[in-house]
Structure formats: structure tokens, C-alpha cells
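Inspection log for the structure reproduced underneath, given as C-alpha cells.
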Amino acid sequence: MVFPIRDDNTGRTITPFVNYAFIVVNILVFVFLQGIGSNEGFTYAFSTVPQEIATGVDIDRPVIVRDPLGEPLGRIDLQPTPGSVYLTLLTSMFMHGGIMHLLGNMLFLWIFGDNIEDDLGHARYAAFYITAGLLASLAHVVSTFVFGQNPYIPSLGASGAISGVMGAYILMHPRRRVTVFLFRILTEVPGIVAVGLWFVFQIISSLGVLGGGTGIGGVAYAAHIGGFIAGLVLVKVFMIGRGRGSGGDARGPMMMPRGF
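The opening position of the sequence shown corresponds to residue 181 in our numbering, with each subsequent residue numbered one higher.
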């Protein structure tokens, strides 16, 4: 298990105002709109429901979730979504299921997002972050149907967009030093190790989740994986016309295998 604490920001050239803004918006939404988790009506109205995205039809009634034998497992109190259901692909990116969910995501965004904003610039970084988040949400929707998961269970959180940031980080900053807790030991490792181990954990964890199931809750690992791949692929596209940027690696660039 790897848990990052901070990274070396040597060589960063701009103040990451957009990254700070994303962090602030996530916190404000959770505190004032979600009521620190107490406003379930808002949360269920603006979370992404795969069934709604697949059909384009808003589900504004409670849904009973049952096991394969037909026994009820629980109820999902879905709420009407103002406007198009596709809006939830965006709104869900700024919502969280609890305080620890929020704090964990914001820590990762704080550590890795500033360097990618430094590479891309403010406007490109904002567009990159939103695009990665949208693709991550769509990856979750697709995987829900492909692997036979319950399509009525809502998903929310910034993890998909942040996974995109981490996909960009492993490509742009493979040698940047990251301080992590690695198996309870505080140490420094290159970015490729810190982010690479995190991604391997997502793959391994997903193997026990994506095979189906009808339970309520859990982690949307497909969003993490989809967002990571989107960030890995898209960051060079968003860099077109900008040049190398800071690159952030005082130790020099590392040649990466194509498709890594």
C-alpha cells in the first residue's frame, strides 16, 4: 500500500490557481450543498446514475436493490435532476460521499495537480481536468453494463479527474521525488513508482469488483482506471503548441515506453 504525502516542487514556475480553485470548489460543494453529507436529496439528484446516462431518462423515484434471489438489499432514494441527466457527469465530479473521501481526494489533487497545471498552463489544465473527469465517469458507466453491475447505484467524487492528473504525472514527472508511506515506512520514491504502485493497486482491487454484484456502495475502480488512461493519453495532446513546459524533473527527462 502506497500513500503519498508530498512531492518535490523544485522547478515549478507558476502558482497553481486553477488547482487551488478546484480544491476550494470541492470543499464548498460538500459543506454547503451536500450539507457535509446530510443533504441526501442534493447528493442523489446530482450524482451520476449509469442507467440514466445510458437511457437519457431521469429516474425520480426510490429504487429497491435486490440480490440474485430477489431478496431486497436496500433502497436508493433517487431524486429528480434539474435539467439534463448528462449534467450529472460534471456535477458528480465535485461531490463526495464523506469527509474522508473528500480529504483523501483533495490531498492527492494538492500533491499532483500543481505540477500538471505548471506543465499545461491554467486554461489548458482546467480543460484537461474536466475532460479526464468526464471520460472517467463514462468509463464507469460503460463498465457497469459490461460487467453486469447494478446500473441504479449512483457514483460521485473527484477521483476520476484526479486519476487523470496522476496518469499525466507518471508520464510528465516520472523521476520527481514523492514522499510516501510505503507499507508503513516513510520514504521517498520516484513519481513513476509512487503513481505506478497506486495504479497497480487499482487494477488488483478492480478484479474483485468489476465481475458483477448488486450491492450498494463501494469504489468505482473503473472510473479510476479510465481516468488514469485518459490522462496518460491526453496530456501530450493538451501540450501541443506549448512545448515541454516545466517538466518538473530536475534530474532530466526519462524515455517512456509507448502506451505506458
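We put the CB at the ideal spot given by N, CA and C, even for glycine.
Since the structure is predicted, the reported quantities are computational estimates derived from the model, not experimental observations.
Q | Those residues which DSSP pairs with Gly254 across a bridge | A | Residue numbering aside, residue 254 sits at position 74 when the sequence shown is read from its first letter. Paired residues: Val245.
Q: Let me know if Met280 comes out buried or exposed under the rule of 16 or more other beta-carbons within 10 Å of its beta-carbon.
A: Indexing the sequence shown from 1 puts residue 280 at position 100. With fewer than 16 other Cβ atoms within 10 Å, it is exposed.
Q. Which residue comes first and which comes last in the beta strand (DSSP E) that contains Thr359?
A. Position 179 of the sequence shown, counted from the first residue, corresponds to residue 359. 357–362 is the extent of the beta strand (DSSP E) around Thr359.
Q. Helix or strand or just coil, what does DSSP make of Val229?
A. Sequence index remark: in the sequence shown, residue 229 carries index 49 (1-based). Three-state result, Val229: coil.
Q. Asp299 by DSSP, collapsed to three states: which one?
A. The residue given as residue 299 occupies position 119 in the sequence shown. In the structure shown, Asp299 sits in a helix (DSSP, three-state: H, G or I).
Q: Measure the C-alpha to C-alpha separation of Asn330 and Thr324 and round it to an integer number of angstroms.
A: Here residue 330 refers to the residue found at position 150 when the sequence shown is read from its first residue. Here residue 324 refers to the residue found at position 144 when the sequence shown is read from its first residue. So the two alpha carbons sit approximately 7 angstroms from each other.
Q: Please look up how many angstroms separate the CB atoms of Asp257 and Tyr224, rounded, as I've assumed it's under 8 angstroms.
A: Residue numbering aside, residue 257 sits at position 77 when the sequence shown is read from its first letter. Residue numbering aside, residue 224 sits at position 44 when the sequence shown is read from its first letter. 6 angstroms between Cβ atoms; contact.
Q: Take every Cβ of the region 252–266, pair it with every Cβ of the region 314–328, and state whether three or more of those distances are shorter than 8 angstroms.
A: no
(Q) Taking the beta strand (DSSP E) that Val369 belongs to, which residues open and close that run? (A) Within the sequence shown, the letter at position 189 stands for residue 369. From DSSP, the beta strand (DSSP E) with Val369 extends over 365–370.
Q) So, are the CB atoms of Ala338 and Met273 less than 8 angstroms apart? A) Translated into the one-based positions of the sequence shown, residue 338 becomes position 158. Translated into the one-based positions of the sequence shown, residue 273 becomes position 93. Taking 8 angstroms as the Cβ cut-off, Ala338 and Met273 qualify as a contacting pair.
Q | Every unbroken alpha helix (DSSP H) within the region 193–223, with a cutoff of 4 residues, ordered by chain | A | 197–208
(Q) Is there a Cβ of chain B sitting closer than 8 angstroms to that of Tyr266, yes or no? (A) Chain labels in this structure do not include chain B; a single protein chain is all it has.
**Q.** First through last residue of the beta strand (DSSP E) which encompasses Val182
**A.** Translated into positions along the sequence shown, residue 182 becomes position 2. That run of the beta strand (DSSP E) goes 182–187.
Q | Reference Leu477; option with closest CA among Leu318, Leu414, His276 | A | One cannot answer for residue 477 here, as it falls past the ends of the chain, which runs 181 to 440.
Q: On a CA-only basis, which of Ile405, Thr271, Ala201 is nearest Phe381? Give me that one, please.
A: The residue labelled residue 381 in the question sits at position 201 within the sequence shown. It is Ile405 whose Cα lies nearest to the Cα of Phe381.
Q. Helix or strand or just coil, what does DSSP make of Ser264?
A. Here residue 264 is taken as the residue at index 84 of the sequence shown, counted from 1. Note: Ser264 maps to coil in three-state DSSP.
Q. Taking Cβ to Cβ, would you say Leu336 is nearer than 8 angstroms to Thr261?
A. In the sequence shown, residue 336 corresponds to position 156, counting from 1. In the sequence shown, residue 261 corresponds to position 81, counting from 1. It is not a contact, given that the beta carbons lie outside the stated cut-off.
Q) Taking C-alpha atoms, which residue in Pro242, Trp290, Asn219 lies nearest to Phe202? A) For the purposes of this step, residue 202 is identified with residue 22 of the sequence shown, where counting begins at 1. Here the closest residue by C-alpha is Trp290.
Q. On the three-pair Cβ rule with 8 angstroms, is the region 342–354 touching the region 288–302?
A. yes
Q: Identify, in the order they occur along the chain, each residue of the same chain with its Cβ nearer than 7 angstroms to the Cβ of Ile342, setting aside the five sequence neighbours on each side.
A: By 1-based counting over the sequence shown, the position of residue 342 is 162. Correct list, in chain order: Asn285, Phe288, Leu289.
Q: With DSSP as the reference, please indicate the residues paired to Ser335 in a beta bridge.
A: The residue you call residue 335 lines up with position 155 of the sequence shown. Its beta-bridge partners are Thr228.
Q.
Rounding to the nearest angstrom, what Cα-Cα distance links Leu366 and Arg241 in this structure?
A. For the purposes of this step, residue 366 is taken as the residue at position 186 of the sequence shown. For the purposes of this step, residue 241 is taken as the residue at position 61 of the sequence shown. Cα to Cα, the separation comes out at about 48 angstroms.
Q. Mind checking whether Gly313 and Gly344 have CB atoms under 8 angstroms apart?
A. Position 133 of the sequence shown holds residue 313. Position 164 of the sequence shown holds residue 344. Against a cut-off of 8 angstroms, the Cβ pair of Gly344 and Gly313 comes out as a contact.
Q) So what does DSSP say about Met275, is it helix, strand or coil? A) In the sequence shown, the residue the question calls residue 275 occupies position 95. Of the three classes helix, strand and coil, the one that applies to Met275 here is coil, per DSSP.
Q) Helix, strand or coil: how does DSSP classify Ala400 here? A) Taking the sequence shown and counting its residues from 1, one reaches residue 400 at position 220. Reduced to three states, the DSSP call for Ala400 is coil.
Q. What do you reckon, are the CB atoms on Ala410 and Ala303 nearer than 8 angstroms?
A. As a first step, residue 410 must be located in the sequence shown, where it is residue number 230. As a first step, residue 303 must be located in the sequence shown, where it is residue number 123. No, these two residues do not count as a Cβ contact at 8 angstroms.
Q.
Looking only at its chain, what residues have a beta carbon closer than 8 angstroms to the beta carbon of Asp238, apart from the 5 residues adjacent to it on each side?
A. Position 58 of the sequence shown, counted from the start, is the residue given in the question as residue 238. Glu232, Pro260, Thr261, Val265, listed in sequence order.
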